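Notes to accompany the following structure.
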Amino acid sequence: MTSTMSEEDVTEHEDRDPLADWPSPPPGGWTADDLDRLPQDGPNGEPDFFKRIELLDGALIFMSPQKRFHEYVLYGLRTSLNSQVPDHLKAVMQMDVVLGPRQRPCPDVLVVDRSAAKDRSRTAYTPAEVKLVIEVVSPESEFRDHEVKPARYAAAGIPHFWLVENHADEPVVHVYQLDPVTRSYVVTGIHHGRLKLADPFPLDIDLAELPD
Numbered sequence: 000m001t002s003t004m005s006e007e008d009v010t011e012h013e014d015r016d017p018l019a020d021w022p023s024p025p026p027g028g029w030t031a032d033d034l035d036r037l038p039q040d041g042p043n044g045e046p047d048f049f050k051r052i053e054l055l056d057g058a059l060i061f062m063s064p065q066k067r068f069h070e071y072v073l074y075g076l077r078t079s080l081n082s083q084v085p086d087h088l089k090a091v092m093q094m095d096v097v098l099g100p101r102q103r104p105c106p107d108v109l110v111v112d113r114s115a116a117k118d119r120s121r122t123a124y125t126p127a128e129v130k131l132v133i134e135v136v137s138p139e140s141e142f143r144d145h146e147v148k149p150a151r152y153a154a155a156g157i158p159h160f161w162l163v164e165n166h167a168d169e170p171v172v173h174v175y176q177l178d179p180v181t182r183s184y185v186v187t188g189i190h191h192g193r194l195k196l197a198d199p200f201p202l203d204i205d206l207a208e209l210p211d
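Take the sequence shown: its position 148, counted from the start at 1, is 147 in numbering that gives the first Met the number 0, and no numbers get skipped.
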């Protein structure tokens, strides 16, 4: 898509203070770039106010504190993936993906190009650098994880998506693969206890005994 912004508009957007009209959004709405300009603390000094946010359809989403199940699955999957993924890939936790000017979700776990992961100054990745996104469902994120985010990830061309549900405090992994014709995800399996896959790379993860 060709931008219609003038050089003056671009400069003004780059220099703008996204909190100048808080709590109203900045002129033209929130953008992915605005998140890099936000302080960690809130406009009135609230500690860590902007520490856990993401941007979906131009709206700021404030993420609730995670439960122990959430943290356990994130760490366990990231550790397990990094012990098995090919050398050119790396699993990371809670890093943003810029899908478009007003789309910047923060998946729970991502598998990205190792070359991108080596840059420790990065705050986000592009869809082309991401091979897999994983969302661990919590009660407050259920609609976004089921309905909103998968559609956005698929439209951006991310080839693999996992949705992890909590079943009696044990993870159940729903595995999806992108249909390049419809640009939507197709379920390829639902895994209880053990996750064994050949695609996107050979994996064998004991879901009942994740690293803790």
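Even for Gly, the Cβ is constructed at its ideal location relative to N, Cα and C. Just so you know, these numbers come straight off a predicted model, no measurement behind them.
Is it true that the CB of residue j sits closer than 8 Å to the CB of residue i?
i: Leu-73; j: Met-92; result: yes
i: Lys-89; j: Arg-113; result: yes
i: Tyr-124; j: Val-147; result: no
i: Glu-128; j: Val-108; result: no
i: Gln-194; j: Leu-206; result: First, the residue type needs correcting, since residue 194 is Leu and not Gln in the sequence shown. Yes, the Cβ-Cβ distance between Leu-194 and Leu-206 is below 8 Å.
i: Ala-155; j: Leu-98; result: yes
i: Pro-17; j: Asp-40; result: no
Alpha helix (DSSP H) containing residue i: first to last residue?
i: Phe-68; result: 67-81
i: Lys-148; result: 148-154
What are the start and end residues of the beta strand (DSSP E) that includes residue i?
i: Glu-90; result: According to the sequence as given, residue 90 is Ala; it is not Glu. 88-92 is the extent of the beta strand (DSSP E) around Ala-90.
i: Arg-193; result: 193-196
i: Gln-176; result: 169-178
i: Glu-53; result: 52-55
For residue i, count neighbouring Cβ atoms within 10 angstroms of its own Cβ and tell me buried if that reaches 16, exposed if not.
i: Arg-119; result: exposed
i: Thr-30; result: buried
i: Val-172; result: buried
i: Val-180; result: exposed
i: Asp-86; result: exposed
i: Pro-170; result: buried
Next on the checklist: Does the segment 130-143 come into contact with the segment 161-169, if we say contact requires no fewer than three beta-carbon pairs (one atom in each stretch) closer than 8 Å?
Outcome noted: yes
Item to check | Three CB pairs or more closer than 8 Å across the segment 52-66 and the segment 75-83 | outcome: no
Item to check | beta strand (DSSP E) runs wholly inside the segment 95-159, at least 3 long, in chain order | outcome: 108-112 and 129-135
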